[in-house]
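For what it's worth, my numbering labels the leading residue of the sequence shown as 84, then goes sequentially.
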Amino acid sequence: MSGAAATKRLVQIHRRLGLAGKPRQRLPRQIYPHLIEQQYLKVLTNVVDHVRATLVPLSKELPSLLVSASNSRRVDANEGRRAQQLVDAARDRMTEAIKPHQVEDLARSFAAQTASYQRVQLGRQVHAALGIDVPFRDPTARAMSEHFVSENVSLIKTIPNRLHDDVEKMVTRAVANGTLHSDLEDQIASRFGVAKSDAARIARDQIGKFYGQVNHARQREIGITRFIWRTVGDQRVRDEHDELMAQSENEPFSFDDPPQTEDGPALPGEPVQCRCYAEPVFDDLHPEEDDEDDEGPSESDDDDRDPDSPDDDEDDED
84 MSGAAATKRL VQIHRRLGLA GKPRQRLPRQ IYPHLIEQQY LKVLTNVVDH
134 VRATLVPLSK ELPSLLVSAS NSRRVDANEG RRAQQLVDAA RDRMTEAIKP
184 HQVEDLARSF AAQTASYQRV QLGRQVHAAL GIDVPFRDPT ARAMSEHFVS
234 ENVSLIKTIP NRLHDDVEKM VTRAVANGTL HSDLEDQIAS RFGVAKSDAA
284 RIARDQIGKF YGQVNHARQR EIGITRFIWR TVGDQRVRDE HDELMAQSEN
334 EPFSFDDPPQ TEDGPALPGE PVQCRCYAEP VFDDLHPEED DEDDEGPSES
384 DDDDRDPDSP DDDEDDED
């Protein structure tokens, strides 16, 4: 039995047994995983700080190396060699500080946190709309999680590698040209500022995208085919996404026919750094009376019903 059929059948059984609460008309909104994003950003920022720490021995010797270089008509070969040795040593310390398996464990942990958090958010909406708690089997969750881990391991590794490459170029050029130490310090500080901005972009983009992917997959698993594009409602929301929300409130979008965005056809959460989400349209999951067994309720069903249970149209106390 498909996830959609199982969901409709579960709704029927719960209503016939009087176990389902009366669905609410207004869905609770899904809340973007801000805390998870902030925690992920903290991890990425720590990587940047680790790189800076590995450069401390280089920073201590750079002033004298640069002064010597600026006072010489040509760079002493020993000065250039020493600068390269310091850069290489910093790279080795970085390799020792961040192990591949640790990076993978971090990415896997954030994938699990995000998927677990999303299950709760969607579960609240399902319960509000259908009056029941639907178990998610997550047939595609493992594949999505592995893709997140693979992509983020690669992204995390690029942070120290690019930083070291860029600092090496700056130092080599500074020693060769006799650049003032204060100028080189400014260049390196600016590069680390860019690295921290990149870390924030990665955290927001990756957590939002994975959250959206899991949300889409779970909705489709239980038979949802249409959605309303919802934004987080703050000042950073793109005008285009506000327009998509207004449009979908009048005519919901189909998962099989995503709306056009500036990045092409996309679902909520898929555009770069998008924090929007797909709000499920439950209309197709409300089973009609004639959708139940053609032969009507069996005697066993009547026997299983609790005589003290409330009728289907009564409100449960919440």
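Every residue, glycine too, gets a C-beta built ideally from N, C-alpha and C. Given the structure is predicted, the values throughout are model-derived calculations rather than measurements.
If you follow the alpha helix (DSSP H) that E251 is part of, which residue opens it and which one closes it? For the purposes of this step, residue 251 is identified with residue 168 of the sequence shown, where counting begins at 1. A224 to N260 is the extent of the alpha helix (DSSP H) around E251.
Just how far apart, CA to CA, sit K143 and V203? Numbered from its first residue, the sequence shown carries residue 143 at position 60. Numbered from its first residue, the sequence shown carries residue 203 at position 120. Those two C-alpha atoms are separated by around 51 Å.
Would you identify the three-state DSSP class for P146, choosing helix, strand or coil? Against the sequence shown, residue 146 aligns to sequence position 63. Looking at P146 - three-state DSSP - the assignment turns out to be helix.
To the nearest angstrom, report how far apart R128 and G291 are at their CA atoms. Walking along the sequence shown from the start, residue 128 turns up at place 45. Walking along the sequence shown from the start, residue 291 turns up at place 208. Rather than Arg, the amino acid found at residue 128 in this sequence is Thr. Approximately 18 Å between the Cα atoms of the pair.
Cβ of E334 versus every heavy atom of the ligand NAP: is any distance shorter than 8 Å? In the structure shown, the ligand NAP is absent, as is every other ligand, since no ligand is present at all.
Under a three-way DSSP split, which group does G163 fall into? The residue given as residue 163 occupies position 80 in the sequence shown. G163: helix per DSSP, three-state reduction.
Tell me the DSSP secondary structure of Y200 in three-state form. Taking the first residue of the sequence shown as position 1, residue 200 is located at position 117. DSSP places Y200 in helix when its eight states are reduced to three.
Indicate whether A211 and P111 have their beta-carbon atoms separated by less than 9 Å. Numbered from 1 along the sequence shown, position 128 holds the residue referred to as residue 211. Numbered from 1 along the sequence shown, position 28 holds the residue referred to as residue 111. Cβ distance < 9 Å, so A211 and P111 count as in contact.
V236 versus Q185, V277 and E323, residue with shortest Cα-Cα distance: For the purposes of this step, residue 236 is taken as the residue at position 153 of the sequence shown. Looking at the Cα atoms, Q185 is the closest of the given residues.
Nearest neighbour of P354, chosen from E179, G295, L141 and L149 [CA to CA]: Numbered from its first residue, the sequence shown carries residue 354 at position 271. When E179, G295, L141 and L149 are compared, the shortest CA-CA separation from P354 is found for G295.
From which residue to which residue does the alpha helix (DSSP H) around R284 run? The residue you call residue 284 lines up with position 201 of the sequence shown. Boundaries of the alpha helix (DSSP H) harbouring R284: H264 to E304, taken from the DSSP string.
Return the Cβ separation of F293 and Q302 in integer angstroms, given the expectation that the two are a contact with Cβ distance under 8 Å. Reading the sequence shown from its first residue, position 210 is the one you call residue 293. Reading the sequence shown from its first residue, position 219 is the one you call residue 302. Not quite, the Cβ-Cβ distance comes to about 15 Å (not below 8 Å), so this is no contact.
Are the stretch 267-287 and the stretch 334-354 touching, with three or more C-beta to C-beta distances below 8 Å? no
If you draw a straight line from the alpha carbon of G352 to that of G214, how long is it in whole angstroms? Stepping through the sequence shown from its first residue, residue 352 is reached at position 269. Stepping through the sequence shown from its first residue, residue 214 is reached at position 131. Pairing G352 with G214, the inter-Cα distance amounts to about 27 Å.
I'd like to know if the stretch 267-274 and the stretch 320-329 are in contact, where contact means that at least 3 CB-CB pairs between them fall below 8 Å. No: fewer than three Cβ pairs fall under 8 Å.
If we ignore side chains and look at the alpha-carbon of each, how far apart do T344 and D367 end up? Translated into the one-based positions of the sequence shown, residue 344 becomes position 261. Translated into the one-based positions of the sequence shown, residue 367 becomes position 284. Approximately 26 Å between the Cα atoms of the pair.
Is the separation between the beta-carbon of A257 and that of A152 shorter than 9 Å? Along the sequence shown, read from residue 1 onward, the residue named residue 257 stands at position 174. Along the sequence shown, read from residue 1 onward, the residue named residue 152 stands at position 69. The answer is yes: Cβ separation under 9 Å.
Taking the straight line between their C-alpha atoms, what separation do you get for V134 and H247? The sequence position of residue 134 within the sequence shown is 51, counting from 1. The sequence position of residue 247 within the sequence shown is 164, counting from 1. Approximately 8 Å, taken between the alpha carbons.
Determine the DSSP secondary structure at A349, reduced to helix, strand or coil. By 1-based counting over the sequence shown, the position of residue 349 is 266. Looking at A349 - three-state DSSP - the assignment turns out to be coil, as it is neither helix nor strand.
DSSP on Y360, reduced to helix/strand/coil? Mapped onto the sequence shown, residue 360 falls at position 277. Correct three-state label for Y360: strand.
Leaving out the 5 sequence neighbours to the left and right, which residues in its chain are closer than 8 Å to L263 when beta-carbon positions are compared? For the purposes of this step, residue 263 is identified with residue 180 of the sequence shown, where counting begins at 1. So the list reads L149 and S153, once near-sequence residues are dropped.
By how many angstroms is the C-alpha of P146 removed from the C-alpha of K182? For the purposes of this step, residue 182 is taken as the residue at position 99 of the sequence shown. For the purposes of this step, residue 146 is taken as the residue at position 63 of the sequence shown. Roughly 32 Å between the two C-alpha positions.
Quick one: what does DSSP say H336 is sitting in, helix, strand or coil? Counted from its first residue, the sequence shown places residue 336 at position 253. Residue identity check: residue 336 is Phe in the sequence provided, not His. Three-state result, F336: strand.
Is R164 buried or exposed, if buried means 16 or more other CB atoms sit within 10 Å of its CB? Here residue 164 corresponds to residue number 81 of the sequence shown, with the count starting at 1. So R164 counts as exposed.
Per DSSP, which one or two residues make a beta bridge with T344? On the sequence shown, residue 344 is found 261 positions in, with the first residue counted as 1. Paired residue(s): G347.
Please state whether DSSP places R313 in a helix, a strand or coil. If you number the sequence shown from 1, residue 313 lands on position 230. R313 falls in the strand class under three-state DSSP.
Figure out for me which residue from L169, L124, G276 and D216 has the closest Cα to the Cα of A190. On the sequence shown, position 107 is the one that residue 190 refers to. Ranking L169, L124, G276 and D216 by Cα distance to A190 puts L124 first.
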